[in-house]
Structures are given as C-alpha cells and as structure tokens.
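These notes concern the structure reproduced below.
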Amino acid sequence: MELDRWAYINRMRHVHPGEKILFTIGLLIICLASPFYRICGSVFLVALGTAWLGAGIPLLACLRALLVPLLFLLPSVAAVMLSIPPLQPAIWSVWVGPLEIGISSADVQRSVLLASRALGAVGAVFFLVLTTPMVDLLQQLRRWHVPPLFMDLMELVYRFIFVTLETGQRIIAAQSLRLGYCNLSVGLRSLGQGLAVLLARSLHRADLIHTALECRLYSGTLQTLEQEYKRNLPLEIAMAAIIFVLAGWLVYGGIAH
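Heads up: the sequence shown is residues 7 to 263, going by the working numbering.
See the structure below:
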C-alpha cells in the first residue's frame with residue numbers, strides 16, 4: 007500500500023505516463039542486453055536517483071520498497087555462486103561427504119553480473135511503480151490499444167491484491183487482540199489458522215465486489231475517465247539523453263572488449 011501512496015503524491019505524478027513507461031522500457035532493454043555489471047549497476051542508480059531526486063520520494067522509502075526483491079535475490083545469487091564441483095582454480099571449496107562444493111572466480115563474476123542485472127531491472131520497474139498510479143498505466147495501455155480483456159484482468163487482479171491484504175490485516179488485528187501472538191508457538195498456530203481463513207474470506211469479498219459491479223451495470227469492461235497530460239519537453243530530452251548515454255556506453259563497451 008505504501009507503493010500506491012507514493013505513486014499518487016510524488017512530484018512526477020502528473021508527468022505523461024507514456025514517457026515514464028518508455029523510459030522504463032529503455033532502461034530494461036539496456037540492463038537485460040548488457041553483459042557488463044557496471045552498466046547494469048548504473049541503470050539501477052539512474053532509476054533510484056530519478057525516483058529520489060526527480061520524483062521526490064525519500065531514499066529510505068525507495069530502499070524499503072526494494073527490500074522484498076532483495077530477499078529473493080540474495081539466495082539466488084548465493085546458489086549461482088556455488089558450484090559442484092567448483093571450476094578451477096577454486097577460490098574456496100569444502101568437501102561435504104563425497105561432494106566438493108566451492109566458489110571460483112568465474113562463479114563470482116557470473117553472480118555479480120546476475121545480481122547487478124536483477125537490481126537494474128527491478129530498479130527500473132520500481133521507478134515506474136513508485137511514480138505512476140495503476141489507473142494512469144491502464145489508461146496509457148488503452149491508448150496503445152492493448153486488448154480490453156487483458157486490461158480488465160490487470161485492473162481486477164490489482165484490486166483483489168488490496169482486498170486480500172486488507173482481509174489479512176483484519177484477521178491479524180483480531181487475533182492480536184485475543185493474544186494470538188503472545189509467544190512463538192501460539193503465534194505459529196494463529197498464523198496457520200489465519201492463512202486457512204484468509205482464502206475463504208478473500209474469495210467471499212471478491213464475490214461481493216463482482217456483485218456490486220453487476221448492480222452498476224457492469225458489462226465486461228471497466229470504463230474510467232481519461233486524464234489529459236501536457237508534454238514535458240525538457241523531461242523528455244533528459245530521459246532520452248540518459249537512455250542514449252547508457253546505450254552508447256553499452257555499444258562502446260562491447261566494441262572495446
């Protein structure tokens with residue numbers, strides 16, 4: 007929910023969503039096409055700096071938003087870094103029974119590239135998420151003639167995510183008032199019971215939302231008012247310049263190697 011709040015109150019809220027989407031796509035293409043960790047790291051810093059300095063989102067909020075992807079990234083990088091058996095020459099190795107597990111310089115280089123590429127891609131996507139409300143994204147995709155069925159599915163799934171979160175928060179609050187998390191064993195039991203109830207209640211609330219839509223003459227397409235945006239030429243030039251500089255660095259780096 008914090009991501010959604012910043013999307014509505016940041017300084018780039020009224021920037022044309024098409025500009026932000028194209029900027030994000032450009033960063034993603036450069037990051038995924040680059041075999042150099044410095045370029046991927048630069049993409050991450052550009053995305054983070056634009057969200058922080060350009061959109062006015064606090065740096066701590068940006069880093070807190072990236073915490074969940076980092077929790078998934080670290081085990082993946084650790085798994086890539088380890089080899090069975092390790093490539094030679096090995097920097098570090100240990101025998102576990104009949105297996106030799108170790109780390110080589112090639113493994114380190116591969117894991118660093120993976121981590122920088124993942125960080126750059128996640129940073130680019132989070133820039134878009136932190137600066138653009140979902141309503142604006144959907145409106146822009148409609149202008150680009152994305153199929154209506156796909157758009158409605160995106161909107162409904164987005165809404166049901168918040169329904170599930172709100173339902174889960176209410177369940178946890180009710181359990182906490184009954185001392186459901188007073189110690190570890192009781193907390194684990196309460197957590198299991200809450201998860202068992204969460205799906206049923208979320209589906210029930212989703213059914214109520216669908217019934218409410220049908221009462222308002224829902225015919226399979228969600229219509230919203232489109233907001234008009236003015237083109238920001240200096241911002242467009244700045245974004246294009248960043249993309250061209252990174253692309254030039256990628257091409258020059260490939261030629262130099």
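Idealized CB from N, CA, C, for every residue including glycine.
Got a sec? Which residues, its chain only, sit under 6 Å from residue i by beta carbon, not counting five neighbours each side?
{"i": "Y235", "result": "H22"}
{"i": "G126", "result": "C37, C46, V49, F50"}
Nearest to residue i by CA position, among the options, is which residue?
{"i": "A244", "options": "E8, V74, L38, V52", "result": "V52"}
{"i": "L54", "options": "C46, I45, I177, L65", "result": "L65"}
{"i": "S48", "options": "V257, Y258, L252", "result": "L252"}
{"i": "I249", "options": "E25, R222, D113, S182", "result": "E25"}
{"i": "V114", "options": "V100, A85, A124", "result": "A85"}
{"i": "R11", "options": "F168, I35, P81, A112", "result": "F168"}
{"i": "G200", "options": "I215, E8, H216, L171", "result": "L171"}
Taking DSSP as the reference, what is the three-state secondary structure of residue i?
{"i": "I90", "result": "coil"}
{"i": "W58", "result": "helix"}
{"i": "E242", "result": "helix"}
{"i": "G103", "result": "coil"}
{"i": "G47", "result": "helix"}
{"i": "G129", "result": "helix"}
{"i": "G186", "result": "coil"}
{"i": "A262", "result": "Residue placement at A262 is poorly supported in this model, since its pLDDT is 48, which falls under 50; the coordinates still yield a value, given next. In the structure shown, A262 sits in a helix (DSSP, three-state: H, G or I)."}
{"i": "W12", "result": "helix"}
{"i": "I109", "result": "strand"}
Within the same chain, show all residues whose beta-carbon is closer than 8 Å to that of residue i, passing over the 5 residues directly before and after it, in chain order.
{"i": "A13", "result": "R19, V135, L136, T137, T138, P139, M140"}
{"i": "Q145", "result": "P23, T230, E232, Q233"}
{"i": "V203", "result": "I177"}
{"i": "D142", "result": "P23, Q233"}
In whole angstroms, what separates the C-alpha of residue i from that of residue j?
{"i": "A262", "j": "M87", "result": "Note on A262: pLDDT 48, under 50, position unreliable in the model; the coordinate value appears next. For A262 and M87, the distance between alpha carbons rounds to 27 Å."}
{"i": "C68", "j": "A130", "result": "12 Å"}
{"i": "P104", "j": "I90", "result": "11 Å"}
{"i": "P41", "j": "L33", "result": "14 Å"}
{"i": "R165", "j": "W150", "result": "22 Å"}
{"i": "R17", "j": "G62", "result": "6 Å"}
{"i": "L77", "j": "S117", "result": "15 Å"}
{"i": "L205", "j": "F50", "result": "36 Å"}
{"i": "L155", "j": "I27", "result": "21 Å"}
{"i": "Y43", "j": "Y258", "result": "14 Å"}
{"i": "V192", "j": "Q175", "result": "18 Å"}
{"i": "S196", "j": "L183", "result": "12 Å"}
{"i": "I107", "j": "T56", "result": "41 Å"}
{"i": "E242", "j": "G60", "result": "13 Å"}
{"i": "R207", "j": "A180", "result": "14 Å"}
Looking only at its chain, what residues have a beta carbon closer than 7 Å to the beta carbon of residue i, apart from the 5 residues adjacent to it on each side?
{"i": "T30", "result": "A130, V131, F133, L134"}
{"i": "V83", "result": "S117, L120, A121"}
{"i": "P75", "result": "V128"}
{"i": "W255", "result": "I45"}
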